[in-house]
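A.B. asks: In the working numbering, the protein residues as written are 8 to 428.
For glycine and all other residues, C-beta sits at the position ideal for the given N, C-alpha and C.
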């Protein structure tokens with residue numbers, strides 16, 4: 008049991024801690040470091056909440072500093088409250104390294120240092136995170152410097168841009184073609200739009216027919232007026248012969264009057280048709296704009312992370328998605344879009360861990376589970392390439408059997424899915 012502090016020693020510890028916290032508070036922003044004081048069994052103690060946020064890792068550490076810190080030996084509890092981007096073994100190693108360095112500092116200086124503790128904690132997180140990045144879809148390595156071609160979701164899962172774009176296209180295809188609420192609404196919008204377009208097309212055809220009729224009536228009136236003019240210039244004897252050959256002038260004038268009435272009615276009908284066409288065209292333009300906006304909004308919906316199912320907003324991925332989709336290549340009978348790298352090599356995506364990688368820090372049991380999952384994923388990708396369609400690992404009930412594979416792959420596949428090992 009820790010010996011109680013003398014009053015003078017307790018005051019010295021509190022003063023030293025206050026100085027350390029004052030310096031640390033000046034070094035870190037409020038969202039990085041938070042300090043609170045609690046009344047523990049041994050008297051007041053400070054609890055530090057320290058967040059390390061890197062490009063590909065986020066770790067929230069908690070240091071429960073006991074009464075007597077920093078002048079008396081005893082660091083107190085070091086806990087990881089929240090972590091993204093590190094595996095369990097890395098978290099364990101991180102805590103051990105922080106504790107080891109703190110004790111080394113005490114041995115060298117005769118006291119702990121809050122500033123040194125926090126600085127080394129951040130360095131330790133950076134060391135644990137170096138070289139551990141892998142695409143969560145293809146399991147291929149992601150270089151620490153490759154920011155341009157990689158995407159980190161809000162859940163901190165990492166993806167190659169094109170691997171994520173292929174997943175997004177798969178989800179988008181299900182939305183628009185699998186009878187979802189979104190696809191049904193999109194179908195209804197297109198049906199309404201086509202009906203409005205058909206009304207406009209019909210009105211345009213009606214107006215054209217009226218214009219053609221007006222042209223024919225004008226031509227007919229011109230022809231009859233020419234006959235009347237010709238008859239009026241003839242002498243009486245020739246005019247009588249002309250009327251016998253054609254029509255009497257009075258009959259011709261009645262024909263002209265009839266044509267003029269028909270022309271007037273046609274123009275009135277055309278005027279009404281133009282008014283309707285103007286109104287229907289405006290409605291069509293408004294409907295088209297609304298449909299395009301709704302379709303755009305539907306296409307810009309977020310999706311769930313393929314690994315943890317947490318939502319990913321479209322705004323997170325829009326900066327690279329269009330370009331990444333354009334780089335996908337078509338494969339298989341269904342013309343499935345996949346990253347070009349998946350079809351570039353015989354073995355497909357890089358599924359095998361590199362020597363000296365994070366597998367080295369796993370226990371034999373953990374390593375076997377991980378390699379078994381790799382074999383399962385490899386079979387899934389092989390099925391994707393063979394059938395020309397994406398296969399969601401979550402939809403295979405956690406395993407894949409020989410019956411799931413094409414006949415050409417069934418032979419000799421027993422050892423691949425682990426059943427023959």
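Does the region 243 to 263 come close enough to the region 203 to 222 that 3 or more CB-CB pairs lie under 8 Å?
C.D. replies: no
A.B. asks: According to the neighbour-count rule (16 or more other Cβ atoms, all chains shown, within 10 Å of its Cβ), is residue 20 buried or exposed?
C.D. replies: For the purposes of this step, residue 20 is taken as the residue at position 13 of the chain shown. Flag for residue 20 reads buried.
A.B. asks: For residue 237, count neighbouring Cβ atoms within 10 angstroms of its own Cβ and tell me buried if that reaches 16, exposed if not.
C.D. replies: On the chain shown, residue 237 is found 230 positions in, with the first residue counted as 1. It is exposed - the Cβ of residue 237 has fewer than 16 other Cβ atoms within 10 Å.
A.B. asks: If the criterion is Cβ atoms closer than 8 Å, does the pair residue 39 and residue 58 meet it?
C.D. replies: As a first step, residue 39 is located in the chain shown; it is residue number 32 there, counting from the start. As a first step, residue 58 is located in the chain shown; it is residue number 51 there, counting from the start. Their beta carbons are under 8 Å apart, which means residue 39 touches residue 58 by this criterion.
A.B. asks: Determine the closest residue to residue 291 out of 206, 308, 29, 244, with distance taken between C-alpha atoms.
C.D. replies: Here residue 291 is taken as the residue at index 284 of the chain shown, counted from 1. Residue 291 has its Cα closest to that of 206, out of 206, 308, 29, 244.
A.B. asks: What are the residues that DSSP puts in a beta bridge with residue 166?
C.D. replies: In the chain shown, counting from the first residue as 1, residue 166 sits at position 159. Answer by DSSP bridge pairing, in chain order: 158.
A.B. asks: On the DSSP bridge list, what partners appear for residue 56?
C.D. replies: Here residue 56 corresponds to residue number 49 of the chain shown, with the count starting at 1. Answer is 41, 69.
A.B. asks: Does the Cβ of residue 198 have 16 or more other Cβ atoms within 10 Å, making it buried, or fewer, making it exposed?
C.D. replies: Residue numbering aside, residue 198 sits at position 191 when the chain shown is read from its first letter. Within a 10 Å sphere around the beta-carbon of residue 198 sit fewer than 16 other beta-carbons, which makes this residue exposed.
A.B. asks: Is residue 4 helix, strand or coil by DSSP?
C.D. replies: One cannot answer for residue 4 here, as it falls past the ends of the chain, which runs 8 to 428.
A.B. asks: With residue 90 as the anchor, note down where its alpha helix (DSSP H) starts and where it stops.
C.D. replies: Working through the chain shown from its first residue, we reach residue 90 at position 83. Unbroken run through residue 90 is the beta strand (DSSP E), 84 to 91; no alpha helix (DSSP H).
A.B. asks: Just the C-alpha distance for residue 112 and residue 119, rounded to the nearest angstrom, thanks.
C.D. replies: Counting from 1 along the chain shown, the entry for residue 112 is found at position 105. Counting from 1 along the chain shown, the entry for residue 119 is found at position 112. Those two C-alpha atoms are separated by around 6 Å.
A.B. asks: Evaluate residue 77 with the Cβ neighbour count: other Cβ atoms within 10 Å of its Cβ, from every protein chain shown; 16 or more gives buried, anything less gives exposed.
C.D. replies: Position 70 of the chain shown holds residue 77. Buried, by the Cβ-count rule.
A.B. asks: Suppose you measure from the CA of residue 65 to the CA of residue 100; what does that come to, to the nearest Å?
C.D. replies: Numbered from 1 along the chain shown, position 58 holds the residue referred to as residue 65. Numbered from 1 along the chain shown, position 93 holds the residue referred to as residue 100. Between residue 65 and residue 100, the C-alpha separation is close to 16 Å.
A.B. asks: Pairs of beta-carbons, one from the region 328 to 337 and one from the region 165 to 180, closer than 8 Å: are there three or more?
C.D. replies: yes
A.B. asks: Could you name the residues that DSSP lists as bridge partners for residue 141?
C.D. replies: Along the chain shown, one-based indexing puts residue 141 at 134. Bridge partners of residue 141: 148.
A.B. asks: Within 10 Å of its beta-carbon, does residue 142 have 16 or more other beta-carbons around it, so buried, or fewer, so exposed?
C.D. replies: Residue numbering aside, residue 142 sits at position 135 when the chain shown is read from its first letter. It is buried - the Cβ of residue 142 has at least 16 other Cβ atoms within 10 Å.
A.B. asks: May I have the straight-line CA-CA distance separating residue 282 from residue 224, to the nearest angstrom?
C.D. replies: Within the chain shown, the letter at position 275 stands for residue 282. Within the chain shown, the letter at position 217 stands for residue 224. So the alpha carbons of these two residues sit roughly 22 Å apart.
A.B. asks: Report all residues from its chain with a CB closer than 6 Å to the CB of residue 127; omit the five preceding and five following residues, and keep chain order.
C.D. replies: To locate residue 127, count along the chain shown from 1; it is residue 120. Excluding the 5 residues flanking it on each side, residue 127 has same chain C-beta neighbours closer than 6 Å at 108, in chain order.
A.B. asks: When the Cα of residue 13 is compared with those of 33, 74, 232, which residue comes out closest?
C.D. replies: The sequence position of residue 13 within the chain shown is 6, counting from 1. Residue 13 has its Cα closest to that of 74, out of 33, 74, 232.
A.B. asks: To the nearest angstrom, how far is the alpha carbon of residue 335 from that of residue 178?
C.D. replies: One-based indexing of the chain shown puts residue 335 at position 328. One-based indexing of the chain shown puts residue 178 at position 171. Using only the alpha carbons, I get a separation of about 15 Å.
A.B. asks: With DSSP collapsed to three states, give me the class of residue 311.
C.D. replies: For this step, residue 311 is matched to residue 304 along the chain shown. Strand at residue 311.
A.B. asks: With 8 Å as the threshold, decide whether the Cβ of residue 310 is near any Cβ in chain B.
C.D. replies: In the structure shown, chain B does not exist; there is a single protein chain.
A.B. asks: Which first and last residues belong to the alpha helix (DSSP H) in which residue 118 is found?
C.D. replies: As a position in the chain shown, residue 118 is number 111, starting the count at 1. Taken as a continuous stretch (DSSP letters only), residue 118 belongs to no alpha helix (DSSP H), as it is neither H nor E.
A.B. asks: If you draw a straight line from the alpha carbon of residue 378 to that of residue 56, how long is it in whole angstroms?
C.D. replies: Working through the chain shown from its first residue, we reach residue 378 at position 371. Working through the chain shown from its first residue, we reach residue 56 at position 49. Taking the straight line from one Cα to the other gives about 36 Å.
A.B. asks: Could you give the distance in angstroms between the alpha-carbon of residue 313 and the alpha-carbon of residue 36?
C.D. replies: Along the chain shown, one-based indexing puts residue 313 at 306. Along the chain shown, one-based indexing puts residue 36 at 29. Whole-angstrom Cα-Cα distance: 34 Å.
A.B. asks: Can you tell me whether residue 324 is buried or exposed? The criterion is at least 16 other CB atoms within 10 Å of its CB, across all chains shown.
C.D. replies: As a working mapping, residue 324 is identified with position 317 in the chain shown. Per the 10 Å Cβ criterion, buried.
A.B. asks: Can residue 122 and residue 34 be called in contact, C-beta distance under 8 Å?
C.D. replies: For the purposes of this step, residue 122 is taken as the residue at position 115 of the chain shown. For the purposes of this step, residue 34 is taken as the residue at position 27 of the chain shown. The answer is yes: Cβ separation under 8 Å.
A.B. asks: Taking the alpha helix (DSSP H) that residue 28 falls in, what are its first and last residues?
C.D. replies: Residue mapping note: residue 28 aligns to position 21 of the chain shown, counting from 1. Run containing residue 28: 14 to 34, per the alpha helix (DSSP H) assignment.
A.B. asks: Around the C-beta of residue 272, are 16 or more other C-beta atoms found within 10 angstroms, so that it is buried, or is it exposed?
C.D. replies: As a first step, residue 272 is located in the chain shown; it is residue number 265 there, counting from the start. Exposed, by the Cβ-count rule.
A.B. asks: Only counting the same chain, and skipping five residues up and downstream in sequence, which positions put a Cβ closer than 7 Å to that of residue 232?
C.D. replies: Locating residue 232 in the chain shown gives position 225, where the first residue counts as 1. Same-chain partners within the cutoff: 263.
A.B. asks: When you compare the CB positions of residue 309 and residue 300, do they come within less than 8 Å of one another, or not?
C.D. replies: For the purposes of this step, residue 309 is identified with residue 302 of the chain shown, where counting begins at 1. For the purposes of this step, residue 300 is identified with residue 293 of the chain shown, where counting begins at 1. No, the Cβ-Cβ distance between residue 309 and residue 300 is not below 8 Å.
A.B. asks: Can you tell me where the alpha helix (DSSP H) with residue 244 in it begins and where it stops?
C.D. replies: For the purposes of this step, residue 244 is taken as residue 237 along the chain shown, with counting starting at 1. First-last of the alpha helix (DSSP H) with residue 244: 243 to 252.
A.B. asks: Under three-state DSSP, which class holds residue 194?
C.D. replies: Taking the first residue of the chain shown as position 1, residue 194 is located at position 187. Residue 194: helix per DSSP, three-state reduction.
A.B. asks: Given this structure, state the Cα-to-Cα distance separating residue 106 from residue 164, to the nearest angstrom.
C.D. replies: Working through the chain shown from its first residue, we reach residue 106 at position 99. Working through the chain shown from its first residue, we reach residue 164 at position 157. Looking at the two C-alpha atoms, the distance is approximately 28 Å.
A.B. asks: Restricting to Cα atoms, I'd like to know which of 115, 62, 52, 95 is closest to residue 84.
C.D. replies: Taking the first residue of the chain shown as position 1, residue 84 is located at position 77. Of the listed residues, the one whose Cα sits closest to residue 84 is 52.
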